[in-house]
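Participant: Dropping a structure here in structure tokens format, bear with me for questions.
Protein chains: 2
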Amino acid sequence: MTDAYVVGVDMIKFGRFPEKSVPQIGAESALLALDDCGLSIQDMEALYCGNLMQASAMVGQRILQEIGQTGIPVVNVSNACATGATAFREAWASVKAGLYDIVLAVGVEQMGRGLLGGTGGKGIPKEGLFGSGTMPAVFAEAGMEHARKHGTTFEQFAKVSVKNHHHSTMNPKAMYQIETPLETVMNAEMISYPNTKLMCSVNVDGSAAAVIATEKKARELGLLGRAVKVCASVLTSDRWQERDLVMPDVNTCTQEAAAKAYAMAGLGPEDIDLVELHDCFATAEILHYENLGLCGAGEAGRMIDDGEVALGGRIPVNVSGGLLSKGHPLGATGIANIYEVSTHLRGEAGERQVQGARIGMTHVIGLGSACGIHILEKAA
Amino acid sequence: MTDAYVVGVDMIKFGRFPEKSVPQIGAESALLALDDCGLSIQDMEALYCGNLMQASAMVGQRILQEIGQTGIPVVNVSNACATGATAFREAWASVKAGLYDIVLAVGVEQMGRGLLGGTGGKGIPKEGLFGSGTMPAVFAEAGMEHARKHGTTFEQFAKVSVKNHHHSTMNPKAMYQIETPLETVMNAEMISYPNTKLMCSVNVDGSAAAVIATEKKARELGLLGRAVKVCASVLTSDRWQERDLVMPDVNTCTQEAAAKAYAMAGLGPEDIDLVELHDCFATAEILHYENLGLCGAGEAGRMIDDGEVALGGRIPVNVSGGLLSKGHPLGATGIANIYEVSTHLRGEAGERQVQGARIGMTHVIGLGSACGIHILEKAA
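Protein chains in written order, with this note's numbering: chain V, 1 to 380; chain G, 1001 to 1380.
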């Protein structure tokens, strides 16, 4: 089976765009990704669109209306916070299946309208589908379990947010680009202990897009030089457990996906140069260091204390600023992660470049549940 | 690339189930399809779920909660009335890609709640996303264009409904099983000329499911005997046109998909033994005889007059009863079509069996737009 490559990828600067429609927001990143590889929508053989809150509304086709209706197949997918990763994965699968030589994947979300209702300032849904405060409670509880088992401290959790906010000062596409000292994070409004408001992901509008091609097509188009190989694409859902289905076991789903991804790529955690993982809350990031095998059980607190996961450290995590500061437009996040890792593998990340990065990992987890992991490698 | 086979397939009897949830309705057909091939959810490697009106709500994962959470990947897709066909196609693509050996596709819809709002008795949406009366108007207009060009009569359009209602009397899974004479059809409440209420599709709840496997897996499991080969799977969207995007050109989208499907299968219309096509309105069925190449331009009226498309005729169309009498639960329809054609190819259709059927075609078209066509063939 052919290898599949990301040959073009980009995202818009995340923000709040109440004056735009979802298809308009999606179209912007689609055009950026096409421009990134010097192609047009007429070169694309199919479109895979990820959007959560307007999932019934033919968002993919409406994006084509904005950028060119060429009659290509359009598949609209949704999978909670794994929506973008799922759209990317379906696009990748179609290329692997030999159905198409080159396709477009777009993830887009407008958070100010729709399913989750209004937001409480910097990103905390106050009401909506899942009920008030449920998500913060789940991830607070998961963090406190870690604290009880391993002695992880409030300060350690807070340092995740400090790190990601620092990273975002170097990312012009992040929603916020503001240094945020430890005292500020710890003294912010408490949402659900130990996560303060600055330890919760930012509700923003955004979109990201990727062009995926077979190796042959990428070579024919002269795009292999900047291309990024998809070494692993894995999707899992929760196994049965004595919990409400809506609330995933945030650990097992990721552990299983990570094991499968490493096996598929023939790589281990020691091979990974940078990770964009699902820091929907600061506590979640701590858990995922261990779930993804970046450190041993109980070592996550030390990882953040020692700066191993900061830019310049052993394995930088969320150099983009992460969901905590770059922002978290649900359906876009999975592909925005692909953009961030690809940009480092290409050596184009500027001030925040992870030096010598050759292999990177992306991770998302959606309530209800879906965990998506991709491993990307610089093309030879 | 491996061939992919439908090894298990079934649907529930369509009806109105306000007391059930969407996942419950979907789970019923999933279990029926698994039972059809003697397998369980633990044998499935992935789930592709099609649902339109609750597309944001992780319906696939919730179906697993009903029938067994095994940790498999779940992909939720939506594509208007092509939602079920798209879910089937993504499942098929994953098998073709070599990602999985055997997967489950489920399509489900509960029409009484959700996007399209309340229904006006037998199936006509009175309000909702697309505005009052818009769909009836579009398909009425398309029918009248055909009438102006080719002299097609009100009576000929009405005969489509008579035929499909007659077919449904032999289908125990159809919503209605009532002979409906021509006078009754023509004298029913006029919705949008020339379509009376009995010439509009029936809003029902329903689900259908299919198990798709590689040839190797089907053989290993001893399931090739009743299996049905997927010879072609095609999805198209509208090309640019001077119309509102929401309203597809009901003709070109289908014509393009049909041409691609015949090419992919290496077959022509003369090879097709039965067709389940998208009779969302009686006028639509007439148009699609020509769009699918079942007859030449302007010959559709004669086709229905001569009984060529009735059971026993040259090429029976909608032997299930079609959307006009079996019913049209949006996200389920595409897979229900696969069930109907497969049942004939297996020789298991009982009283309504198309004798000697070896090759069949399914067709759906969704507003906004997506056209899906599959060609199925009895396994050797």
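The beta-carbon is built from N, C-alpha and C at its ideal position, and this holds for glycine as well. Owing to the predicted nature of the structure, the values given are computational and were not obtained by experimental measurement.
On the DSSP bridge assignment, give the partners of I985 of chain G in chain order.
Facilitator: Limits of chain G in this structure are 1001 at one end and 1380 at the other, which puts residue 985 of chain G out of reach.
Participant: For H374 of chain V, tell me which candidate among V:G350, V:Q54, V:E348 and V:S342 has the shortest Cα-Cα distance.
Facilitator: Ranking the options by Cα distance to H374 of chain V, first place goes to V:S342.
Participant: Consider the Cβ of T362 of chain V: report whether some Cβ of chain G lies at a distance smaller than 8 Å.
Facilitator: False, the Cβ-Cβ gap to chain G never drops below 8 Å.
Participant: For K361 of chain V, which residues of its own chain have a beta-carbon under 6 Å away from its beta-carbon, when the five flanking residues on both sides are left out?
Facilitator: The residue asked about is misnamed: residue 361 of chain V is Met in this sequence, not Lys. Closer than 6 Å at Cβ, skipping near neighbours: I272, V275 and I375.
Participant: Less than 8 Å between C-beta atoms, sequence neighbours within five positions excluded: which residues of the same chain meet that for P1181 of chain G?
Facilitator: Once the five neighbours on either side are set aside, the close Cβ partners of P1181 of chain G are V1162.
Participant: Chain G partners of P175 of chain V, CB-CB under 9 Å?
Facilitator: First, the amino acid is wrong: residue 175 of chain V is Met here, not Pro. Residues of chain G passing the Cβ test: none, with the nearest at roughly 23 Å.
Participant: For the alpha helix (DSSP H) containing M1144 of chain G, name the first residue and the last one.
Facilitator: Taken as a continuous stretch (DSSP letters only), the alpha helix (DSSP H) holding M1144 of chain G covers T1134 to H1150.
Participant: Assuming the contact rule is C-beta atoms closer than 8 Å, C49 of chain V and I72 of chain V should be a hit. Round their C-beta distance to whole Å, please.
Facilitator: Not a contact, Cβ separation roughly 12 Å.
Participant: Residues of chain V with CB under 8 Å from E1348 of chain G, in chain order?
Facilitator: Per Cβ cutoff of 8 Å: no residues; E1348 of chain G is ~30 Å from chain V at best.
Participant: Compare the Cα-Cα distances from E183 of chain V to each of V:V77, V:S192, V:Q156 and V:S78 and report the closest residue.
Facilitator: For the residues V:V77, V:S192, V:Q156 and V:S78, the minimum Cα distance to E183 of chain V belongs to V:Q156.
Participant: Is the distance from the Cβ of A218 of chain V to the Cβ of T236 of chain V below 8 Å?
Facilitator: No, the Cβ-Cβ distance between A218 of chain V and T236 of chain V is not below 8 Å.
Participant: Using a Cβ-Cβ cut-off of less than 7 Å, give me the residues of the segment 1056 to 1086 of chain G that come near chain V, in sequence order.
Facilitator: Per Cβ criterion, the list reads S1056, M1058, Q1061, R1062, L1064, Q1065, Q1069, T1070, G1071, I1072, P1073, V1074, V1075, N1076, V1077, S1078, N1079, A1080 and T1086.
Participant: Does any residue of chain G have a CB that is nearer than 8 Å to the CB of A93 of chain V?
Facilitator: Chain G, which has a Cβ nearer than 8 Å to the Cβ of A93 of chain V, makes this yes.
Participant: Consult DSSP for V204 of chain V and reduce its assignment to one of helix, strand or coil.
Facilitator: Residue state, collapsed to three classes: coil.
Participant: On the three-state DSSP scale, how would you describe G1107 of chain G?
Facilitator: DSSP places G1107 of chain G in strand when its eight states are reduced to three.
Participant: Can A1082 of chain G and A1263 of chain G be called in contact, C-beta distance under 8 Å?
Facilitator: For A1082 of chain G and A1263 of chain G, no; Cβs fall outside 8 Å.
Participant: Alpha carbon to alpha carbon, what distance is there between G1356 of chain G and V1230 of chain G?
Facilitator: Their backbone Cα atoms lie some 18 Å apart in a straight line.
Participant: May I ask you to report which of helix, strand or coil DSSP gives D3 of chain V?
Facilitator: D3 of chain V: coil per DSSP, three-state reduction.
Participant: Assuming M1186 of chain G is part of the beta strand (DSSP E), what are its boundary residues?
Facilitator: Segment L1182 to N1187 is the alpha helix (DSSP H) holding M1186 of chain G; no beta strand (DSSP E) there.
Participant: Out of curiosity, what's the CA-to-CA distance linking P1023 of chain G and I191 of chain V?
Facilitator: The alpha-carbon atoms of P1023 of chain G and I191 of chain V are separated by roughly 33 Å.
Participant: Kindly indicate if chain G contains any beta-carbon less than 8 Å away from that of A332 of chain V.
Facilitator: No, A332 of chain V does not count as interfacial toward chain G.
Participant: Taking Cβ positions only, does K1229 of chain G come closer than 8 Å to chain C?
Facilitator: Structure shown: chain C not included; protein chains present are V and G.
Participant: Would you call the segment 1029 to 1042 of chain G and the segment 196 to 213 of chain V touching, i.e. three or more CB-CB distances under 8 Å?
Facilitator: No, they do not touch.
Participant: Quick one: Cα of S21 of chain V to Cα of S56 of chain V, how far?
Facilitator: So the two alpha carbons sit approximately 15 Å from each other.
Participant: Keeping to the same chain, check which residues put their C-beta closer than 6 Å to that of H150 of chain V; ignore five residues upstream and five downstream.
Facilitator: G298.
Participant: Taking C-beta pairs closer than 7 Å, name the residues in chain G that G368 of chain V reaches, listed in chain order.
Facilitator: What G368 of chain V touches in chain G: M1058 and Q1061.
Participant: Are the CB atoms of E1109 of chain G and A1332 of chain G nearer to each other than 8 Å?
Facilitator: In contact: E1109 of chain G and A1332 of chain G (Cβ atoms closer than 8 Å).
Participant: Quick check on K216 of chain V: buried or exposed, where buried means 16 or more other Cβ atoms within 10 Å of its Cβ?
Facilitator: Classification for K216 of chain V: exposed.
Participant: As a quick exercise: from V:A46, V:E90, V:E351 and V:E19, pick the residue whose alpha carbon is nearest that of G372 of chain V.
Facilitator: Minimum Cα distance to G372 of chain V is reached at V:E90.
Participant: Would you mind telling me which residues of chain V sit closer than 9 Å to G1098 of chain G, beta carbon to beta carbon, in chain order?
Facilitator: What G1098 of chain G touches in chain V: M1, K96 and A97.
Participant: Short of 7 Å Cβ to Cβ, which residues in the segment 185 to 203 of chain V face chain G?
Facilitator: Taking 7 Å as the Cβ-Cβ cut-off against chain G, none of the residues of the segment 185 to 203 of chain V qualify.
Participant: Can you find the residues in the same chain that come closer than 6 Å, C-beta to C-beta, to G1068 of chain G, ignoring five residues on each side of it along the sequence?
Facilitator: Same-chain partners within the cutoff: I1041.
Participant: Excluding sequence positions up to five away, which residues of its chain have a Cβ less than 6 Å from the Cβ of G133 of chain V?
Facilitator: The predicted model places G133 of chain V with a pLDDT of 45, which falls under 50 and marks its position as unreliable; any figure quoted below should be read in that light. Cβ neighbours of G133 of chain V beyond the five flanking positions: none.
Participant: Under 8 Å Cβ to Cβ from L1032 of chain G, same chain only, skipping five residues before and after it: list those, please.
Facilitator: So the qualifying residues of the chain are D1010, M1011, I1012 and A1209.
Participant: So that I know if they touch, is there some Cβ in chain V lying closer than 8 Å to that of M1111 of chain G?
Facilitator: Closer than 8 Å: no.
Participant: Rounding to the nearest angstrom, what Cα-Cα distance links W92 of chain V and A4 of chain V in this structure?
Facilitator: Rounded to the nearest angstrom, the two C-alpha atoms are 7 Å apart.
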